[in-house]
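Here is the structure we will look at.
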Amino acid sequence: MSTPSAEKTGARVLTMGEAIREALAEELRRDPTVFVMGEDVAEAGTAFKVLLGLVDEFGPERVIDSPISEPGITGLGVGAAMTGMRPVIDIMFGDFITLTMDQMVNQAAKIHYMSGGKLKVPMVLRTTMGASRRSAAQHSQSLHAWFSHVPGLKVVVPSTPYDAKGLLKTAIRDDNPVAFFEDKMMYQLKGEVPEEEYTIPFGVADIKRPGTDITIVATSSMVQVSLAAAEMLAEIGIEAEVVDPRTTFPLDKEAIIESAKKTSRAIVVDEGYQRYGVTAEIASVIADGAFYYLDAPVKRIGAMDVPIPFSPALEDLTVPTADSVVETAKALCGRN
Amino acid sequence: MAKTAKQTKLKTGKSATPDAEEWLTMYEQMVRIRRFEERVNLLYTSAKMPGLAHLYIGEEAIAVGVCSVLNPEDYITSTHRGHGHCIAKGADVDIMFAELLGKAAGYCKGKGGSMHIADQANGNLGANAIVGGSAGIAVGAAFSAQRLGNGRVAVCFFGEGAMGQGFLAETMNLAQLWKLPVIFVCENNMYNEYTHFSETTAGNPADRARALGIHTEEQDGQDIRVVYETALAAVERARRGEGPAFLMFHTYRYHGHHVGDINREYYRSKEEERDWVENRDPLALFADWLLAKKLTDRGVLDGIEAEVKEEVERGAQFALDAPYPDPSEVSTNVYA
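Sequences listed follow chains A and B, in order. Following numbering that gives the first Met the number 0, the numbering of the first sequence begins with 0 at its first residue and continues without gaps. Following numbering that gives the first Met the number 0, the numbering of the second sequence begins with 0 at its first residue and continues without gaps.
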């Protein structure tokens, strides 16, 4: 997969993994209070090799291998953030955020409020999401909805190298706890990333593809799936608009509603479990804000509500695909 | 807001042999905690205080002994039974009462309450209503102190009930692994809520720390001189970069788990309670020693008693008269 813009311009192209590494390196260079901590983040550069080389420039004092102790390192991050540091805590697989829940939900998310605004927790929890890597039920989930549910947390779900870099820099500079979800199947995704410094504000959706007939709101790798679906739909005369919220909280409700009003039809695609998920939240935003403009019910496509199976023959059935997005879009447009 | 004139802070650079004035300041702090808690009990039982109140009476020597070896900029983290720690670290009783009553003038604008009171200006990173939940914050604060090189230490107060939490074991591992300047202070009052700790805890809790190679002490928590001396040694070695310590102090909670826990005979006998109150009361033991050593006389102690009593009454009245937060406060401080 590659973003359309990167093909055309001849500008610098990075993979998503490289963009993330560059964001971390720039922030480590800019601010001495930033540090990275996690399992195998130093010489190993993480299990996904995303951080390779960082320890060479910044040393083991700032790119810190930790014990296999997700609650412990997350808790350390909370305390360090409260007392003058800007930790980036690496949680290898998104499934392991279950282990960090007390520290993220009861501590990090609430400390600013509980202290009447006196204390703050400027930390980033970087983790992964995404299935179809044949990693089975405990290494494949997309649990970003869990953190999105909790007041006090911000949640980032980038879909391109450009967005990943700009949003990660913003996350590190934010004074709140931010959960940053990287789809591990996208680390090799290529895209245009300018040499010059930039950041991307939270809560600002990006129209990844303009269109007039149907709105597809998609997150993370589902943006790429939806862009592929949009190309297929264009061949049969349906112009889909792909809206990428980029952050599930803060959520750019206005951009989503405006697009739905314009096209009168909407699908929400997200790789989290469908029930009680991101798709449900965004569908309700559209229903609430664009009801009188809609020509059809809002449709949701999430991961199938089953533990993610190991067998490739089964796993592939659980995730949204371009084909499933196309079929849903055609049905909504009365083209079946 | 009425500031309490009598709250003279100890000089920094703590003496191994405090002089009479320093001992009397500690005595006064212990009296302040006891009278404060008695007034809390009255507020609660007269339905003036919402929520829950977990009284610290009986354990005063630990909070005061430990906090008296700290500097104002050193950190503490506290527990649901945290009023004593908060006062010992330098908080003013009127603003504390205001917080406990949910008033705008409170330390956390009334948003935290008894179980989340924090006093950032005095290094109190907050009470915590998750048992053992603040250990990450303390270890993280110690991590910041080490990395920023500011010479601070962090003290993590918790009860013996926290020994059942894996999170505490994880943070102790991190602290010893990286030689962080953190003191784990286990206040062993023998009861996990309504259950004797021998029914919940395998082995001696202090042995857990010894197994990690952490400097460990097990001492009488009713004798402030022992607490002071033990804490001073631990803090000094932490400041020298020699790493964490685990101090277990034996103590007793005179009241129930919370104010409503009145009929306690199903889990502990009245004889046991009477024995601690009559024979091992930290205030009485301290007064007897001060008088026996002729460091003071009864008139001075009575004077402290009278002044503190008046200060506490004034503080409670201040809080009772203080306004509640404006409704607009409900949605401020969610994000920094």
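Yeah, the Cβ is synthetic: ideal placement off N, Cα and C, and Gly gets one too.
Counting only Cβ-Cβ distances below 8 Å, residue 73 of chain A has contacts in chain B at 135, in chain order. For a Cβ distance threshold of 7 Å, nothing in chain A lies close to residue 175 of chain B: the least Cβ distance comes to about 11 Å. The Cβ neighbour count for residue 261 of chain B, taken over all protein chains shown within 10 Å, is under 16; the residue is labelled exposed.
If only uninterrupted alpha helix (DSSP H) runs of at least 4 residues are considered, those enclosed by the stretch 82 to 127 of chain A are 108 to 113.
Interface with chain A (8 Å Cβ-Cβ cutoff): residue 94 of chain B is excluded.
In this model, residue 204 of chain A and residue 123 of chain B are separated by some 39 Å (Cα to Cα).
Look at residue 184 of chain B: its C-beta is not under 8 Å from any C-beta on chain A.
For residue 246 of chain B, the secondary structure class from DSSP, reduced to helix, strand or coil, is strand. Not flagged as an interface residue toward chain B: residue 148 of chain A, since no C-beta distance is shorter than 8 Å. Taking one beta carbon from each stretch, the stretch 303 to 310 of chain B and the stretch 225 to 244 of chain B have fewer than 3 pairs nearer than 8 Å; the two do not touch. Neighbours of residue 170 of chain B in chain A, taken as residues whose beta carbon is under 8 Å from its own, are 71, 74, 75 in chain order. Per DSSP, residue 187 of chain A is not a residue of any alpha helix (DSSP H), being assigned neither H nor E.
For the C-beta of residue 158 of chain B, not a single chain A residue is nearer than 8 Å; the gap to the nearest is close to 17 Å. Annotation: residue 86 of chain B has no Cβ neighbours in chain A at a cutoff of 8 Å; minimum Cβ distance is about 17 Å.
A distance of 8 Å or more separates the beta carbons of residue 201 of chain A and residue 178 of chain A.
A direct Cα-Cα distance of roughly 37 Å separates residue 198 of chain A from residue 128 of chain B. Counting only Cβ-Cβ distances below 8 Å, residue 113 of chain A has contacts in chain B at 107, 110, 111, 115, 117, 125, in chain order.
Taken through DSSP and simplified to helix, strand or coil, residue 161 of chain A comes out as helix.
Per DSSP, reduced to three states, the secondary structure at residue 309 of chain A is coil, with no helix or strand assignment. In the DSSP assignment, residue 181 of chain A is bridged to A/127. Taking the Cα positions, residue 144 of chain A is about 41 Å away from residue 237 of chain B. The Cβ of residue 147 of chain B sits closer than 8 Å to at least one Cβ of chain A. The Cβ atoms of residue 134 of chain B and residue 167 of chain B lie closer than 8 Å to each other. For residue 74 of chain B, the C-beta contacts it makes with chain A under 8 Å involve 82, in order along the chain.
DSSP places residue 85 of chain B within a helical segment (H, G or I) once states are collapsed to three. In terms of beta-carbon proximity, residue 110 of chain A lines the interface with chain B, with at least one pair separated by less than 8 Å. Among the CB atoms of chain B, one or more fall inside 8 Å of the CB of residue 66 of chain A.
Put simply, the backbone Cα of residue 263 of chain B is about 7 Å away from that of residue 255 of chain B. In the structure shown, the three-state DSSP call for residue 217 of chain B is strand. Residue 318 of chain B counts as buried, since at least 16 other C-beta atoms from the protein chains shown sit within 10 angstroms of its C-beta. Taking 8 Å as the cut-off, the Cβ atoms of residue 174 of chain A and residue 207 of chain A do not count as close.
Sequence-ordered contacts of the stretch 88 to 106 of chain A with chain B read 101, 102, 105, 106 [C-beta pairs closer than 9 Å]. Contact check between the stretch 188 to 195 of chain B and the stretch 105 to 117 of chain B: fewer than three CB pairs, one atom from each, fall below 8 Å, which does not count as touching. With fewer than 16 other Cβ atoms from the protein chains shown falling within 10 Å of its own Cβ, residue 265 of chain B counts as exposed. Annotated three-state conformation of residue 214 of chain A is strand, per DSSP. Secondary structure note for residue 238 of chain B: its alpha helix (DSSP H) is the uninterrupted segment 223 to 238.
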